[in-house]
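Chemist: This structure is in structure tokens; I'll ask about it shortly.
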Amino acid sequence: MALGVFFYGRILSANEASKYKKLTVAETEIDSKTVESFVRLRNRLVSGGTLLDEHVAFSGFFSSLEKILPTTVRFTALHLSIGQNGLSKIEGGGVAKSFNALASASTAFAEDGRIKDAIFSNININKDNSVSFSLSATLDREIIVFSP
Amino acid sequence: MNSRVLPALALILSVGIFFAYVKPTWSGPLKETKVAIANYEQALDAADEYKKRQNELASARNAIDQDNLNRLSVLLPDSVDNVSLILDINALAARSGLSLANIDVLTDDSTVSGKKGNESVAQSSGTLQISRANPVGSVDLSLSAIGTYSALQSFLAGIEKSARLLDVRDISVKGSDTGVYNYQMVVRLYWLR
Chain A
1 MALGVFFYGR ILSANEASKY KKLTVAETEI DSKTVESFVR LRNRLVSGGT
51 LLDEHVAFSG FFSSLEKILP TTVRFTALHL SIGQNGLSKI EGGGVAKSFN
101 ALASASTAFA EDGRIKDAIF SNININKDNS VSFSLSATLD REIIVFSP
Chain B
149 MNSRVLPALA LILSVGIFFA YVKPTWSGPL KETKVAIANY EQALDAADEY
199 KKRQNELASA RNAIDQDNLN RLSVLLPDSV DNVSLILDIN ALAARSGLSL
249 ANIDVLTDDS TVSGKKGNES VAQSSGTLQI SRANPVGSVD LSLSAIGTYS
299 ALQSFLAGIE KSARLLDVRD ISVKGSDTGV YNYQMVVRLY WLR
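The listed protein sequences correspond, in order, to chains A and B. Read left to right, the first sequence gives residues 1 to 148 (the numbering used here). Read left to right, the second sequence gives residues 149 to 341 (the numbering used here).
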């Protein structure tokens with residue numbers, strides 16, 4: 001029995017040495033640069049896709065605004081921004097030819113639905129009966145999202 | 149007499165060998181060697197799995213058109229390289245008919261991200277550590293420009309379709325009666341850390 005244990009121990013030791021040798025060879029075959037290149041490619045693909053999904057195109061907003069806004073209303077100042085929470089908003093000021101023109105602009109925004117929560121404020125009637133105003137609204141993602 | 153003593157001695161010797169050598173060897177070095185072998189086998193299985201996965205990934209990567217990979221590298225480059233980008237933006241503005249007055253990098257902590265993060269893959273003590281941190285860094289550029297509305301449209305279209313991904317995050321337009329407007333923009337650029 002003791003001899004059996006002795007030889008079994010020798011066999012196990014030889015087996016262990018053989019496995020260790022194989023493992024050392026396997027380890028040397030792992031190239032960290034190759035792994036890094038795979039990780040970077042994966043990161044590039046995933047992150048690129050995510051960023052493209054959120055890619056902003058304000059030119060789409062300007063084109064839409066040209067169509068939505070009545071020709072009797074114009075902006076004198078405009079500020080478009082995207083907050084940290086991803087919510088985009090518009091703030092600006094402008095002049096409408098008349099109250100009716102301003103009302104039609106408000107209706108046009110409501111009908112379009114992509115310029116949301118449009119609040120016209122600081123409404124003043126000028127000497128030439130034109131109406132100056134301030135506007136604040138939030139923008140639907142659809143109006144600023146990039147489409148190739 | 150001998151016929152009784154010898155078997156008794158043999159029995160005592162056997163019991164002695166069992167407790168002095170067989171049992172300690174079995175539960176000591178042999179057990180440890182078995183555990184070590186099991187660990188090596190597990191590691192070898194993992195190495196085989198790694199090799200298999202590496203081959204699969206290499207095949208998948210080779211299946212992607214090299215031009216597309218190059219375009220992807222331009223879309224999300226390995227470094228900030230904002231100087232080249234500013235040159236490109238300047239050229240785009242000139243082509244669009246927009247006159248750039250000022251370009252600045254916003255270095256506020258809230259606008260620069262990704263510089264404090266860990267490397268995506270770092271090699272330490274021979275082992276690979278893959279970070280879960282956001283692998284994308286970003287920085288904002290502030291631009292001031294003057295030009296017509298159509299020049300702005302052309303410039304914005306160029307920025308939006310740029311081979312390198314750029315997002316206009318903020319734009320202010322101040323009107324004038326001459327048809328030439330003042331613009332303030334914040335453009336965000338990205339890179340892979």
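Ideal Cβ positions, reconstructed from N, Cα and C, are used throughout, including at glycine. The model shown is predicted, which means the values in this text are computed figures rather than measured ones.
Which chain A residues sit within Cβ distance under 9 Å of B/I319?
Modeler: F58, L78, H79, L80 and S81
Chemist: Span of the beta strand (DSSP E) holding A/T76?
Modeler: Its beta strand (DSSP E) spans residues V73 to I82.
Chemist: Who are the Cβ neighbours of A/V5 in its own chain at under 8 Å, not counting the five residues just before and after it?
Modeler: none
Chemist: Just to confirm the assignment, what range does the beta strand (DSSP E) spanning A/I119 have?
Modeler: I115 to I125
Chemist: Could you work out which residue in A/S18, A/V35, A/K67 and A/S130 is closest to B/Y188 when comparing CA atoms only?
Modeler: A/S18
Chemist: At a cut of 8 Å, does the region 58-75 of chain A reach the region 133-145 of chain A through at least three beta carbon pairs?
Modeler: yes
Chemist: Rounded to whole angstroms, how far is the Cβ of B/P283 from the Cβ of A/S47, which I believe are closer than 8 Å?
Modeler: 6 Å
Chemist: How would you label B/K263, buried or exposed, when you count the other beta carbons within 10 angstroms and need 16 or more for buried?
Modeler: A caution first: B/K263 carries a pLDDT of 43, below 50, which makes its placement in the model unreliable, though a value can still be read off. Classification for B/K263: exposed.
Chemist: Taking C-beta pairs closer than 7 Å, name the residues in chain A that B/T173 reaches, listed in chain order.
Modeler: For B/T173, the C-beta contacts it makes with chain A under 7 Å involve V5 and G9, in order along the chain.
Chemist: Where does the unbroken beta strand (DSSP E) through A/A96 begin, and where does it stop?
Modeler: S88 to A96
Chemist: Any idea if B/Q271 is buried or exposed, counting beta-carbon neighbours within 10 angstroms, 16 or more meaning buried?
Modeler: In this predicted model, B/Q271 has a pLDDT of only 41, less than 50, meaning its place in the structure is not dependable enough to derive any value.
Chemist: Which residue wins for smallest C-alpha separation from B/A194, given the options A/I119, A/L23 and A/Y8?
Modeler: When each option's Cα is compared against that of B/A194, the closest is A/L23.
Chemist: Classify B/D236 as helix, strand or coil using the three-state DSSP reduction.
Modeler: helix
Chemist: Within 10 Å of its beta-carbon, does A/A105 have 16 or more other beta-carbons around it, so buried, or fewer, so exposed?
Modeler: buried
Chemist: Name, please, each residue of chain A whose Cβ falls closer than 7 Å to the Cβ of B/D315.
Modeler: Against chain A, the beta carbon of B/D315 has neighbours under 7 Å at H55 and V56, listed in chain order.
Chemist: With respect to the beta strand (DSSP E) encompassing B/N330, which residues constitute its N-terminal and C-terminal limits?
Modeler: V328 to L340
Chemist: Could you work out which residue in B/L313, B/P155, B/S302 and B/Q301 is closest to B/G342 when comparing CA atoms only?
Modeler: Nothing about residue 342 of chain B can be reported from this structure: the residues present for chain B run from 149 to 341 only.
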